[in-house]
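Read the structure below first, then the notes.
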Amino acid sequence: MKNVNLQPINRTVTVPTRTSLLDALLATQLEVPMACKGRGLCATCHVYVQKGEDRLSPITEREMQTLARISGVGSNSRLSCQARVLGEGVVVRLPEGMYFERVEDLYDLIGTRAERDILHPIDGTVLISKGKLITRSRVDELKRLNVEIEQLIR
Ligand code: FES
0 MKNVNLQPIN RTVTVPTRTS LLDALLATQL EVPMACKGRG LCATCHVYVQ
50 KGEDRLSPIT EREMQTLARI SGVGSNSRLS CQARVLGEGV VVRLPEGMYF
100 ERVEDLYDLI GTRAERDILH PIDGTVLISK GKLITRSRVD ELKRLNVEIE
150 QLIR
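Structural data, given as structure tokens:
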């Protein structure tokens with residue numbers, strides 16, 4: 000068993016060796032949209048490894064390709080569905096913002112200001128910035144994006 004610490008929520012979870020970081024996140028009841036269902040093709044499970052990069056499974060070619068097109072990655076970025084926990088004391092930080100998941104959820108928020116950045120689930124770019132008014136026209140635009148995303152990850 001290995002401990003993994005999650006920031007900024009400062010929760011430590013104990014998982015069996017070789018568990019994916021994604022399963023460690025899910026074990027804390029964090030909601031991870033998993034737009035590509037754990038196939039290493041999207042941004043929604045992206046994390047920053049603050050400590051213990053060498054205690055994770057090596058980065059794969061597919062993971063490298065996906066990270067190369069995600070906005071906001073750093074040299075310590077990993078896709079949590081691809082990285083397996085091999086050693087003790089890994090610390091990861093979750094990106095700020097909320098990944099766009101279902102356009103229907105945004106219709107309920109029209110007329111309000113975004114409480115967090117709303118991020119593109121494939122490339123991680125900011126679709127609606129924190130504090131911006133969520134308008135019907137913007138949500139209609141995102142409805143078209145929703146279709147594109149479904150095609151991309153099919
Ligand atoms: S869930 Fe899509 S890359 Fe991990």
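In this text, residue positions in the sequence shown follow numbering that gives the first Met the number 0: the first is 0, and each later residue adds one.
For each residue, glycine too, the CB sits at the ideal point set by N, CA and C.
Any non-hydrogen atom of the ligand FES closer than 8 angstroms to L55 Cβ: Sequence index remark: in the sequence shown, residue 55 carries index 56 (1-based). No - the ligand FES has no heavy atom lying nearer than 8 angstroms to the Cβ of L55.
Residue range of the unbroken alpha helix (DSSP H) whose run includes L24: One-based indexing of the sequence shown puts residue 24 at position 25. From DSSP, the alpha helix (DSSP H) with L24 extends over L20 to A26.
L132 burial status per 10 Å Cβ neighbour count (16 or more: buried): The count along the sequence shown starts at 1 and reaches residue 132 at position 133. Answer is exposed; the Cβ neighbour count stays below 16.
Proximity below 9 angstroms, CB of T164 to CB of P120: Nothing about residue 164 can be reported from this structure: the residues present for the chain run from 0 to 153 only.
Pair within 9 angstroms by beta-carbon distance, H77 and L93: As a position in the sequence shown, residue 77 is number 78, starting the count at 1. As a position in the sequence shown, residue 93 is number 94, starting the count at 1. One detail in the question is off: residue 77 reads as Arg in this sequence, not His. Cβ distance not < 9 angstroms, so R77 and L93 don't count as in contact.
Start-to-end residues for the beta strand (DSSP E) that takes in Q6: On the sequence shown, residue 6 is found 7 positions in, with the first residue counted as 1. Its beta strand (DSSP E) spans residues K1 to Q6.
Of the listed residues R101, E62 and N2, nearest to R17 (C-alpha basis): As a working note, residue 17 is residue 18 in the sequence shown. Cα-wise, what sits closest to R17 is N2.
As assigned by DSSP and simplified to three states, the class of K36: As a working mapping, residue 36 is identified with position 37 in the sequence shown. Coil at K36, not helix or strand.
Cβ-heavy atom distance, R38 to the ligand FES, below 8 angstroms: Counting from 1 along the sequence shown, the entry for residue 38 is found at position 39. Correct: R38 has its Cβ closer than 8 angstroms to the ligand FES.
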